Structure formats: structure tokens, C-alpha cells
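Residue numbers (my numbering): 5 to 407. Read through the structure below, which is laid out as C-alpha cells, and then see the notes.
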Ligand code: AMP
């Protein structure tokens with residue numbers, strides 16, 4: 005497989021799929037440029053190697069029609085600044101005008117194409133659309149891990165047109181490497197911390213982790229389903245009634261496989277789902293009627309901290325409570341701190357999934373853990389053991405060569 009480090013980009017036009025799906029404010033200013041920054045090393049490598057770059061991305065979820073609020077033109081200025089070079093812009097991602105602009109591109113120059121999702125063929129994975137995109141460049145580089153679980157035209161289908169000239173960008177390789185390392189070579193004890201709202205969203209990942217981890221910590225909204233499954237009283241806490249059996253299955257499987265399962269023993273409860281609600285702490289299986297659990301309690305915090313701090317490999321996905329509300333963020337912050345402490349001692353820590361990343365950023369701890377995955381859904385699917393179409397398209401030989 006070719007890599008971005010071994011490839012000779014001299015006089016080549018590189019089609020680079022990036023993930024510039026960034027948040028914008030009402031004046032179209034980028035409010036978090038993490039994803040743009042993540043693509044810079046790949047773009048610079050190609051430009052410095054004498055190539056030019058044709059940058060492709062999606063932004064938001066337009067309904068298949070151009071909408072200014074989803075235009076990638078808003079990204080040109082911040083991208084130019086971060087890249088240290090003027091980036092040109094094409095008002096469409098295909099068509100005659102785009103072709104002309106790309107054909108005129110000289111070595112060292114960069115152009116950003118308009119939002120791929122202004123064409124519904126992108127998400128449909130249309131081959132003809134992928135072929136048109138492919139005709140713009142000589143080599144395909146996929147650096148968009150966040151969309152690697154989608155078989156879209158620009159993330160997957162396009163690769164077949166570059167059987168000998170396709171590769172991952174730096175951001176994508178780093179994501180895959182960090183997850184692969186953790187899933188195959190984790191030092192023991194390996195602890196997975198899973199939180200967030202629902203059991204249903206995390207069950208596949210729990211099942212796949214069960215064969216790999218020594219400790220499994222369950223927190224957040226999904227813990228109340230486990231408590232109810234064991235006969236506890238959870239008041240009005242979030243419970244998935246149809247997942248009671250699933251929770252019991254996880255408890256059983258952990259026993260069988262020798263995985264230590266840690267479920268909260270106490271919880272911070274509130275009399276309403278609001279930051280201003282009355283709150284108190286109680287045993288997690290004795291929540292009074294009319295109250296709901298919104299965070300882990302102090303006894304649980306201590307227990308989780310002990311386990312995390314003595315781990316050598318850590319995976320964290322999902323908050324321990326409603327961390328968006330300041331009165332219910334303590335448990336999430338304590339867990340983040342424990343991960344940071346373990347990392348400082350030499351443990352490998354991977355934090356991923358939208359809300360844990362938001363939490364780690366909220367506490368300014370992103371640079372104190374080993375790796376923060378930008379992947380979200382893609383990361384979860386990869387850890388679940390699923391094959392990501394965007395990854396497979398690069399790694400595999402091509403069945404159909406159309407070019
Ligand atoms: P997920 O996307 O499944 O990782 O869920 C993240 C969301 O779960 C966050 O927005 C949290 O506010 C929410 N959450 C965490 N703990 C609780 C809880 N005890 N009750 C309700 N929602 C929760």
C-alpha cells in the first residue's frame with residue numbers, strides 16, 4: 005500500500021478528501037477549527053513535495069441543494085491562514101468550470117471545491133459522480149476519518165479510479181493506528197469507560213470490548229438500565245425498558261469472561277432535568293419517585309478513579325452524567341482527571357465519541373491524554389469491529405477499474 009510519505013507528488017494533482025464539517029456561528033465564522041488544523045500536515049506534505057491539492061469536503065447536511073449557510077466558501081479564509089497560502093475556491097465540485105480551474109492549478113497551489121453534498125449523488129455513492137470527481141486529479145488521498153464509515157462517492161467509490169494512486173492522509177492513518185494499537189496491543193490492565201445516554205447505542209461496542217478489556221466501567225444515563233435490571237429503584241431516571249435483558253446479558257458475559265464490571269453505587273439526583281433543579285446524593289438503587297439520576301455520586305467517583313488510575317490502557321467514550329449542566333458535570337470531570345493522571349504515569353489513553361471529546365475540550369485536557377479521536381460514529385464502528393468502507397477502499401485491490 006502506498007503511503008503519503010513514500011509517494012512522489014511532484015507535478016501531481018492530489019484530490020484530498022478532508023473533513024471540514026466544522027461549526028460556524030451566525031456570521032459564518034468557524035468556531036472550532038480542530039478539523040481544519042487536522043488536515044494541514046497532509047496538505048502541506050503534498051504542496052511541499054511539488055504537488056497541488058484539490059480539496060474536497062462536505063459541510064453540514066444540506067438537502068441536496070446549494071445553501072449559503074453550508075457553503076465551503078466560508079472556510080477559504082481560515083484555511084488559507086492555517087495553510088500559509090492562498091487557497092482558491094471553485095463554486096461547484098464538478099462541471100466544466102471546476103475542471104478548468106483544476107486543470108490550471110500549478111504545483112504548490114491549492115483549491116477548495118464547493119460542498120460535495122450539494123449533489124445528492126455524493127451520499128448516494130453514485131459512480132458517475134465519483135468518476136467526475138476522480139477526473140480532476142491524478143492521485144486520491146483520504147484524510148477524512150469522520151466519514152470513513154460511509155460509502156459515499158468521495159470517501160469510498162472514488163478510490164476505484166485510482167488503483168495504484170490512493171492512500172490515507174496523516175490524520176486518517178493516526179486515527180486508525182491509535183485504535184488498532186489499543187484494540188490489539190493494549191497493556192494490561194485495560195479499562196474501557198462507557199457512558200452517555202443509552203445502552204442501545206453502545207451495546208455493539210460493549211460486546212466487542214468484552215474480549216479485550218480487564219475492566220469495564222459503565223456510567224452516565226445507561227447505568228440506570230443496569231440498576232433497574234438488577235431490581236433497583238431508579239425513580240424517573242433514563243431507562244430503556246427494552247434493554248433490561250441486554251443489560252443482564254452484559255453482566256452475565258462479564259462474569260463468564262472474567263471482566264470486572266463497575267456500575268455506579270451512588271448517584272446525584274435531581275427533581276427535574278434542569279441545572280436549577282434541587283439535587284442530592286443517594287444510593288443508585290434507591291432513587292425516590294419523582295427524582296432522576298443525572299451524575300455519578302462521590303463513592304462511585306472514588307471507585308472509578310482508583311480503577312482508572314491503576315490502568316495502563318484506557319478507552320473513554322461517553323460522559324458520566326449530564327456534563328453540559330454545571331451542577332451535574334462533576335463525575336465526568338473527575339473521570340477525565342483520572343485519565344489524565346494515568347496518562348501522565350505512562351498509560352495509553354484514547355478518548356473518542358462526540359460527547360467525551362466535547363467534555364475533554366471543555367476541561368482543556370485534550371493535550372493531556374494520548375489521543376483524541378475526531379471520528380465519532382466512525383470510531384465507534386471501528387471499535388465495534390466493523391469494516392469501514394472508506395478504509396477498505398484504500399486498503400483493498402480494486403475489483404473494477406473504470407478509468
Ligand atoms: P451519547 O451520545 O450516547 O454518548 O450520550 C451523550 C449524552 O448523554 C450527553 O448529552 C449527556 O448529557 C447525556 N447523559 C449522560 N448522563 C445522563 C443521565 N444520567 N441522564 C440523561 N442523560 C444523560
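Heads up, the beta-carbon is just placed ideally off N, CA and C, and yes, glycines get one too. For clarity, every value in this text was computed on a predicted model and none was experimentally measured.
Local Cβ density within 10 Å of residue i, reported as buried at 16 or more and exposed below that
i	result
residue 405	At residue 405, the pLDDT of 39 sits below 50, so the modelled position is not reliable; the number obtained from the coordinates is stated separately. Classification for residue 405: exposed.
residue 29	exposed
residue 299	buried
residue 192	exposed
residue 215	exposed
residue 137	buried
residue 310	exposed
residue 368	exposed
residue 164	buried
residue 176	buried
residue 385	buried
residue 10	exposed
residue 118	buried
residue 60	buried
residue 55	buried
residue 247	buried
residue 35	exposed
residue 2	Residue 2 lies beyond the residue range present for the chain, which begins at 5 and ends at 407; the question has no answer from this structure.
residue 319	buried
residue 232	buried
residue 41	exposed
Enclosing alpha helix (DSSP H) for residue i [first to last residue]
i	result
residue 341	334-348
residue 133	131-138
residue 219	From DSSP, residue 219 is part of no alpha helix (DSSP H) but of the beta strand (DSSP E) over 219-222.
residue 214	Counting along the chain, residue 214 falls outside any alpha helix (DSSP H), and DSSP gives it neither H nor E.
For residue i, the first and last residue of its enclosing beta strand (DSSP E)
i	result
residue 254	Per DSSP, residue 254 belongs to no beta strand (DSSP E); it is in the alpha helix (DSSP H), 248-261.
residue 149	Premise fails: residue 149 is in no beta strand (DSSP E) and is neither H nor E.
residue 20	17-21
residue 13	Careful: residue 13 lies outside any beta strand (DSSP E) and carries neither H nor E.
residue 394	It is not in any beta strand (DSSP E) - residue 394 instead sits in the alpha helix (DSSP H) that spans 393-399.
residue 56	56-60
residue 91	91-94
Alpha-carbon to alpha-carbon, residue j and residue i
i	j	result
residue 308	residue 221	7 Å
residue 63	residue 26	7 Å
residue 105	residue 207	48 Å
residue 301	residue 48	47 Å
residue 323	residue 238	19 Å
residue 129	residue 158	8 Å
residue 82	residue 66	21 Å
residue 213	residue 370	24 Å
residue 279	residue 199	19 Å
residue 296	residue 84	48 Å
residue 266	residue 203	15 Å
residue 121	residue 127	7 Å
residue 114	residue 390	34 Å
residue 194	residue 327	25 Å
residue 160	residue 124	15 Å
residue 134	residue 110	23 Å
residue 244	residue 16	54 Å
residue 351	residue 236	35 Å
residue 397	residue 254	34 Å
Residue i beta carbon near the ligand AMP (any heavy atom closer than 6 Å)
i	result
residue 53	no
residue 323	yes
residue 254	no
residue 298	yes
residue 359	yes
residue 381	no
residue 441	Past the boundaries of the shown model lies residue 441; the chain is included only from 5 to 407, so the question cannot be answered.
residue 272	no
residue 220	no
residue 335	no
residue 301	no
residue 326	yes
residue 319	no
residue 245	no
residue 201	yes
residue 242	yes
residue 150	no
residue 294	no
residue 225	yes
residue 239	no
residue 356	no
residue 205	yes
Taking 8 Å as the threshold, find out whether the stretch 326-337 comes into contact with the stretch 311-318 through three or more Cβ pairs.
no
Count the C-beta pairs between the stretch 145-154 and the stretch 11-20 that are closer than 8 Å, then say yes if the count reaches three, no if not.
yes
At least 3 beta-carbon pairs within less than 8 Å: the stretch 252-260 vs the stretch 350-369:
no
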